[in-house]
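Reviewing the structure listed below.
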Amino acid sequence: MDLYTRAGAMAKKAHLPHYVFHSTVQGISTSYWGKSDTLSNWFGSSMSKPCRIRDRHVPTHNTSVHRGVFACVGPFDESLEVCEDVEWSFRCQDRGVGLFFIPGAPVGHFDRNTFRDFWMHYYHFGLYAPAVRRKHPRSAYQWVFPKGPVSAFLLFLPLTFLMTLYITGCWIFQRPEVLLYIPGLHLANIANYAGLAHSIFGDRRKKKRAKKDMKA
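Heads up, the sequence shown is in the numbering used here, so the first residue is 1378 and it goes up one at a time.
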């Protein structure tokens, strides 16, 4: 409760009536792919200092809120198989609900130890990402998010490389062994991008079919 009270104090200082408190998530894994999953998934849930999160979501694996937050922003979007916490976090930010991370109340999470489970997790995450971004056009980094097949093709190498570099940078001083997992991190980002591209190209095909049906 002390940490939750601290989050409330941070929200009060920022003049925010509602807030979400998120704390440490520790990945539990037994293989190279499991440890790659841990590093790729929890870089934003393993920081050493309290902070307000403005540019990404907070995973709901270790998150506490007052009931009033749901009254303010609504429940999770059940139409999303994954990314429901991403969409909900963006909704919080849109409606002035603060997202605060404070380390010190860790929970464990069993991560994906096989390559197939590892790949499919990030693929599905990417598959639903465009739907979330369409719901929240003002969300962070929207300007670099692919809008169609051409931009998806052109941004593939830059975005997967930069995201791998960013995640590595988040861990390098805390866990220098992250350097051994750069191939795994990069594959996670490629899987994510593959799902994203599938969604974008699939939407384009649906629009073409709809136009043909209208002309028929």
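Beta carbons: idealized from backbone N, C-alpha and C, even for Gly.
Just so you know, these numbers come straight off a predicted model, no measurement behind them.
Could you name the residues that DSSP lists as bridge partners for residue i?
i	result
CYS1428	PHE1478
VAL1521	For VAL1521, which the question treats as bridged, DSSP gives no partner whatsoever.
PHE1502	According to DSSP, PHE1502 bridges with nothing at all.
HIS1349	This structure gives no information on residue 1349, because the portion of the chain shown stretches from 1378 to 1593.
VAL1397	VAL1442 and LEU1476
Out of the options, which has the shortest C-alpha to C-alpha gap to residue i?
i	options	result
SER1528	GLY1485, VAL1484 and ILE1577	ILE1577
TRP1548	SER1413, GLY1473, HIS1434 and TYR1518	SER1413
GLY1451	VAL1459, ASP1471 and ILE1544	ASP1471
PHE1550	TYR1381, PHE1420, ALA1384 and SER1408	PHE1420
GLY1485	GLY1473, GLY1579 and ILE1405	ILE1405
TYR1518	MET1387, GLY1561 and HIS1434	HIS1434
ILE1430	PRO1553, LEU1573, GLY1473 and LEU1531	GLY1473
TYR1381	LEU1393, GLY1546 and SER1441	SER1441
For residue i, name the three-state secondary structure that DSSP assigns.
i	result
HIS1392	coil
PHE1530	helix
GLY1473	coil
ARG1515	coil
THR1491	coil
By how many angstroms is the C-alpha of residue j removed from the C-alpha of residue i?
i	j	result
GLN1403	LYS1524	34 angstroms
HIS1513	LEU1504	16 angstroms
MET1424	THR1401	8 angstroms
ASP1432	SER1516	8 angstroms
SER1617	LYS1389	Not covered by the structure: residue 1617. The range shown for the chain is 1378 to 1593.
ALA1571	HIS1563	12 angstroms
ILE1559	ARG1489	17 angstroms
GLY1445	TRP1410	39 angstroms
VAL1555	LEU1476	27 angstroms
ASP1379	CYS1460	29 angstroms
PRO1526	SER1456	24 angstroms
MET1540	ALA1565	10 angstroms
HIS1395	GLU1458	27 angstroms
ALA1384	VAL1397	8 angstroms
ASP1462	LEU1557	29 angstroms
For this session: Any chance you could list the beta strand (DSSP E) runs of at least 3 consecutive residues sitting entirely within the segment 1404 to 1462, in chain order?
Result: 1428 to 1430 and 1440 to 1442
For this session: Kindly provide the ranges of any beta strand (DSSP E) runs that are 3 or more residues long and lie completely inside the segment 1545 to 1587, ordered along the chain.
Result: none
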